[in-house]
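Asker: In the working numbering, the protein residues as written are 1 to 442. For glycine and all other residues, C-beta sits at the position ideal for the given N, C-alpha and C. Have a look at this one before I ask anything.
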Ligand SMILES: [Zn+2]
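Here you go:
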């Protein structure tokens, strides 16, 4: 290997050994390892560092990645980047005040947030180009963030060695504008135009760290979605926004839109339905929701094809709310169980099915009876199953309109019903057609 090629490796060994030996000594050592022992450069470097009491782990593994390719959990990575922004911050570590820097790094492929955990060791300047060695990444709101820790080093580079592309670099390959009803789990780089229906600021803990998140719901003409903004974009209720570079993650069985520092939020001056128009639940097909894995505040029109066992008058453990048989909870033993009503109905819209779960209030409203009525009836018949029979009589094969959040898991789709009604006669015609088609007689 040429002397010129080896020079950066000699400086690196010197850096890791922090002046324990002279560079001329390192040259001699390297020559011995490479030409006498005939080992690889990698092994030679590790051998020399070890021999002089350094930490071979502090050597770069030589993996340099463009920002776009950084994964969520890089252990040791080199990054050649331009320092786009630098912000100082004082933090408290074990009772002592410490200055750190945070901001954005950029290269031809994209941008990424960083934290340099020591402002003195990493005097980053806005606009300079640096080669960062031995950085690591951590997940931050679902996206990687670069960290410069105790093993990292920063070497200044010529200013023209990184040229940021014109305009804002993209964090993810942009898959373009997507309607809310099309958002499905693990989509990245989506652009969504929607109106903010509600928003609240919360403090949450993500992998042991406290973070501020702005979460709420937004809607377009196809539906609603819950969102989490991991950065303060100054979003307000009723704002119309275009979010670029967002990604979708499933949260409690429903696709949720996430965006953070690497995303862009714009306020387009276009005509768009008002919040009150968007507040209404949108009708969607069960098949569509199967494709994307659930949805928020969805209206489904279908037919009840089964009232499942476990519907009707049930008893719950007062401790854990589990349904109990004969006053015995499988966790809490004998308990004074509390009566409750519920319906688990399989709803079919002619293309797919989901389970609609109705709580006591919904059950009372759709059956036109109260829990007390049901308890009395069950007592008279000396059999709680009479309530299930009544529900079956009332709902089976009936066209129904249910509204609620639809979640998905390995058992399929389930709606927690917030509103239900037996369809009006006009809609019933349509539902009958669907049922007929279901039975294959048309
Ligand atoms: Zn219990």
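Who pairs with residue 302 in a beta bridge, going by DSSP?
Answerer: Secondary-structure assignment with DSSP links residue 302 through a beta bridge to 400.
Asker: Just to check my reading of the structure: residue 316 and residue 308 have Cβ atoms closer than 8 Å, yes? What is that Cβ distance to the nearest angstrom?
Answerer: In fact, because the Cβ distance is near 17 Å, the residues do not count as touching under 8 Å.
Asker: Sort 82, 147, 125 and 162 by Cα distance to residue 73 and report the nearest one.
Answerer: 147
Asker: Applying the criterion that 16 or more other CB atoms from any shown protein chain within 10 Å of the CB defines a buried residue, is residue 247 buried or exposed?
Answerer: Residue 247 comes out buried.
Asker: Residue 187 by DSSP, collapsed to three states: which one?
Answerer: coil
Asker: Any idea what DSSP makes of residue 5, helix, strand or coil?
Answerer: helix
Asker: Spell out a yes or no on whether the stretch 294–305 and the stretch 232–244 are touching, meaning 3 or more CB-CB pairs, one atom from each, closer than 8 Å.
Answerer: no
Asker: Do residue 214 and residue 265 have their C-beta atoms within less than 8 Å of each other?
Answerer: no
Asker: For residue 267, which three-state DSSP category applies?
Answerer: If DSSP states are grouped into helix, strand and coil, residue 267 belongs with coil.
Asker: Residue 38: buried (16+ other C-beta within 10 angstroms of its C-beta) or exposed?
Answerer: exposed
Asker: Can you tell me where the beta strand (DSSP E) holding residue 376 begins and where it ends?
Answerer: Segment 371–381 is the alpha helix (DSSP H) holding residue 376; no beta strand (DSSP E) there.
Asker: According to the Cβ coordinates, are residue 306 and residue 346 closer than 8 Å?
Answerer: yes
Asker: Check whether the stretch 256–271 touches the stretch 195–202, taking contact to mean three or more Cβ pairs, one atom from each stretch, closer than 8 Å.
Answerer: no
Asker: How many angstroms separate the CA atom of residue 399 from the CA atom of residue 420?
Answerer: 11 Å
Asker: For ligand 1, any of its heavy atoms closer than 7 Å to the Cβ of residue 323?
Answerer: no
Asker: Where does residue 238 sit, in a helix, a strand or coil, going by DSSP?
Answerer: coil
Asker: Taking 8 Å as the limit between beta carbons, can you name the residues of its chain near residue 164, skipping five residues before and five after?
Answerer: 82, 84, 106, 107 and 108
Asker: Could you tell me whether any non-hydrogen atom of ligand 1 is closer than 7 Å to the CB of residue 416?
Answerer: no
Asker: If you pair each beta-carbon of the stretch 405–421 with each one of the stretch 250–259, do three or more pairs fall below 8 Å?
Answerer: yes
Asker: What do you reckon, is the C-beta of residue 314 under 7 Å from a heavy atom of ligand 1?
Answerer: Residue 314 Cβ: outside cutoff for every heavy atom of ligand 1.
Asker: Are the CB atoms of residue 282 and residue 310 nearer to each other than 8 Å?
Answerer: No, the pair does not count as a contact, with Cβ atoms beyond the cut-off.
Asker: Quick check on residue 320: buried or exposed, where buried means 16 or more other Cβ atoms within 10 Å of its Cβ?
Answerer: exposed
Asker: Indicate the three-state DSSP secondary structure (helix, strand or coil) for residue 103 in the structure shown.
Answerer: Reduced to three states, the DSSP call for residue 103 is strand.
Asker: For the beta strand (DSSP E) containing residue 155, name the first residue and the last one.
Answerer: 153–157
Asker: For residue 203, is the beta carbon positioned less than 7 Å from some heavy atom of ligand 1?
Answerer: Closer than 7 Å to some heavy atom of ligand 1: that does not describe the Cβ of residue 203.
Asker: Does the beta-carbon of residue 457 have 16 or more other beta-carbons within 10 angstroms, so that it is buried, or is it exposed?
Answerer: The first residue shown for the chain is 1 and the last is 442, placing residue 457 beyond what the model contains.
Asker: Name the residue from 157, 301 and 259 whose alpha carbon lies nearest to the alpha carbon of residue 189.
Answerer: Put simply, of 157, 301 and 259 the residue whose alpha carbon is nearest the alpha carbon of residue 189 is 259.
Asker: Please tell me whether residue 137 and residue 70 are closer than 8 Å, where the distance is taken between their beta carbons.
Answerer: Yes. Within cutoff.
Asker: Check the C-beta distance from residue 318 over to residue 335 and give it rounded, since I have them as a contact under 8 Å.
Answerer: 6 Å
Asker: Going by Cα to Cα distance, which pick from 289, 177 and 111 is closest to residue 184?
Answerer: 289
Asker: Consider the Cβ of residue 284: report whether some Cβ of chain B lies at a distance smaller than 8 Å.
Answerer: Absence of chain B from the displayed structure is noted, only one protein chain being present.
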